[in-house]
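Numbering (the numbering used here), first residue to last: 1 to 310.
Glycine is no exception: its CB is placed at the ideal position from the N, C-alpha and C atoms.
See structure below.
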Amino acid sequence: MRLIVVIFCFFLFSIFANSQNPLTSSISSKKIKYGEEVVLKLEVKASKNEAIVFPEIKDTLSYHLEILENKRDTLFKEGIYTYIDSIKFSAYEPGIFTVPSQKVQINSKEYFSPEYKLIIDSMVVDSTKQPLYDIYPIVQEPKIFQDYVKQYWVYILMAFIMIVVILIVMVLYFIENKKKKISGDKILHPYKLALNKLNKLEKSDYLSKGLSKKYYSEMVLILKEYLEQRSGIGATQLFSEDLILYLEKNFRIKEEQKNDLKNIFQAADLAKFAKSKPTIEETIQHTQMAKNFISETNMEFLKDKDDYAY
Numbered sequence: 001m002r003l004i005v006v007i008f009c010f011f012l013f014s015i016f017a018n019s020q021n022p023l024t025s026s027i028s029s030k031k032i033k034y035g036e037e038v039v040l041k042l043e044v045k046a047s048k049n050e051a052i053v054f055p056e057i058k059d060t061l062s063y064h065l066e067i068l069e070n071k072r073d074t075l076f077k078e079g080i081y082t083y084i085d086s087i088k089f090s091a092y093e094p095g096i097f098t099v100p101s102q103k104v105q106i107n108s109k110e111y112f113s114p115e116y117k118l119i120i121d122s123m124v125v126d127s128t129k130q131p132l133y134d135i136y137p138i139v140q141e142p143k144i145f146q147d148y149v150k151q152y153w154v155y156i157l158m159a160f161i162m163i164v165v166i167l168i169v170m171v172l173y174f175i176e177n178k179k180k181k182i183s184g185d186k187i188l189h190p191y192k193l194a195l196n197k198l199n200k201l202e203k204s205d206y207l208s209k210g211l212s213k214k215y216y217s218e219m220v221l222i223l224k225e226y227l228e229q230r231s232g233i234g235a236t237q238l239f240s241e242d243l244i245l246y247l248e249k250n251f252r253i254k255e256e257q258k259n260d261l262k263n264i265f266q267a268a269d270l271a272k273f274a275k276s277k278p279t280i281e282e283t284i285q286h287t288q289m290a291k292n293f294i295s296e297t298n299m300e301f302l303k304d305k306d307d308y309a310y
């Protein structure tokens, strides 16, 4: 009879205790191996409107117990809400550690879960079954082209941009100079261009250095270029005698003009091939003949005078 009374009292006490503490807790395992996961679960059964505050855990439960995940769920069954806080953690040292009690606040009232003892077994390695090898030194792998590109891509890009910019500037400068040269040549009429070249030739130091051959070669070239631009014939491709014959046959050229050209061409041939050196006075006289020929044939000498009247 006394045993029945004791059992009945214990039953009433359990019911009373459960009614006073709505918090229940459990741990998935009390003995794990090194690095295995353990889950501490906190559960609260309550109505929808009750205020429940689970513990805020950052990184560790204690010095040896490291948090892996903290997940919260809510279940609803038969009009009762079950709020669950699952704390997943592990340990990386062998030993016996205490999982500390956790505080849960329900309607501004504090409840605590019990402490748990957790045994951590070390990982045993049987060295007799594991082959042992020497420790190899660290080997530096040689760098390849892609490695240098990844490391210095900023400098490579800057160098590439600079090269492109320099090339663009050089091309633009070349084009601009070419345009200026072409436009400059087009602005001057053929006879003005030829006279300018002769004046420049007179101011050169060819005669003072005894370079008669070079002086006469340039003077003949100036005359032939002038004739080529004025008449459209390939004067620079013809020999001197052939050029004079062509002019006599196809254009109205005066006898005096023809003789001046002959004298200039003969003196140039002597200077080039016979190594004859005309005197400075003769050279000046031939230069003046060339100027006169250019000036006189500027308005004459061509078949169609209107096209070349300046």
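Cβ distance (whole Å) where SER240 is taken to contact PHE273 below 8 Å:
The C-beta distance from SER240 to PHE273 rounds to 12 Å, too long to fall under 8 Å, and the pair is not in contact.
Rounded Cβ spacing between LYS213 and ALA271 (contact assumed at less than 8 Å):
Contact between LYS213 and ALA271 is confirmed by a C-beta separation of about 5 Å, below the 8 Å threshold.
Is it right to say ALA51 is buried, meaning 16 or more other beta carbons lie within 10 angstroms of its own, or is it exposed?
Burial call: exposed.
Using 8 Å as the cut-off, can you tell me whether the stretch 63-78 makes contact with the stretch 22-32, which would need three or more C-beta pairs spanning the two stretches below that distance?
Segments in contact, no.
Pair within 8 Å by beta-carbon distance, ILE280 and LYS262:
Taking 8 Å as the Cβ cut-off, ILE280 and LYS262 do not qualify as a contacting pair.
Excluding the 5 residues flanking ILE27 on each side, which residues of the same chain have their C-beta closer than 8 Å to its C-beta?
Cβ neighbours of ILE27 beyond the five flanking positions: VAL38, VAL39, LEU40, LYS41, VAL99, TYR116 and LEU118.
May I have the straight-line CA-CA distance separating THR287 from LYS249, to the nearest angstrom?
The straight-line gap from Cα to Cα measures roughly 25 Å.
Could you tell me which of SER47, ALA46, LYS71 and VAL169 sits nearest to ILE57, measuring between CA atoms?
Just measuring C-alpha positions, the residue of SER47, ALA46, LYS71 and VAL169 sitting nearest ILE57 is LYS71.
To the nearest angstrom, how far is it from the Cα of LYS224 to the Cα of HIS189?
A direct Cα-Cα distance of roughly 15 Å separates LYS224 from HIS189.
Endpoints, alpha helix (DSSP H) assigned at ARG252:
From DSSP, ARG252 is part of no alpha helix (DSSP H); its letter is neither H nor E.
Buried or exposed, going by whether 16 or more other CB atoms sit within 10 Å of the CB of MET170?
With fewer than 16 Cβ atoms within 10 Å of its Cβ, MET170 is classed as exposed.
Which residue marks the beginning of the alpha helix (DSSP H) containing THR287, and which one marks its end?
Where THR287 is concerned, the enclosing alpha helix (DSSP H) stretches over 280-296.
So, under 8 Å CB-CB, ILE96 and VAL44 are touching, yes? Tell me the CB distance rounded to an integer number of Å.
Not confirmed; about 29 Å, so no contact.
One or two residues paired with GLN105 in a DSSP bridge
Answer by DSSP bridge pairing, in chain order: VAL53 and GLU110.
LYS303 to PHE160 span [Cα, whole Å]:
Below a pLDDT of 50, predicted positions are generally treated as unreliable, and LYS303, at 49, falls in that range; no measurement from the model is reported.
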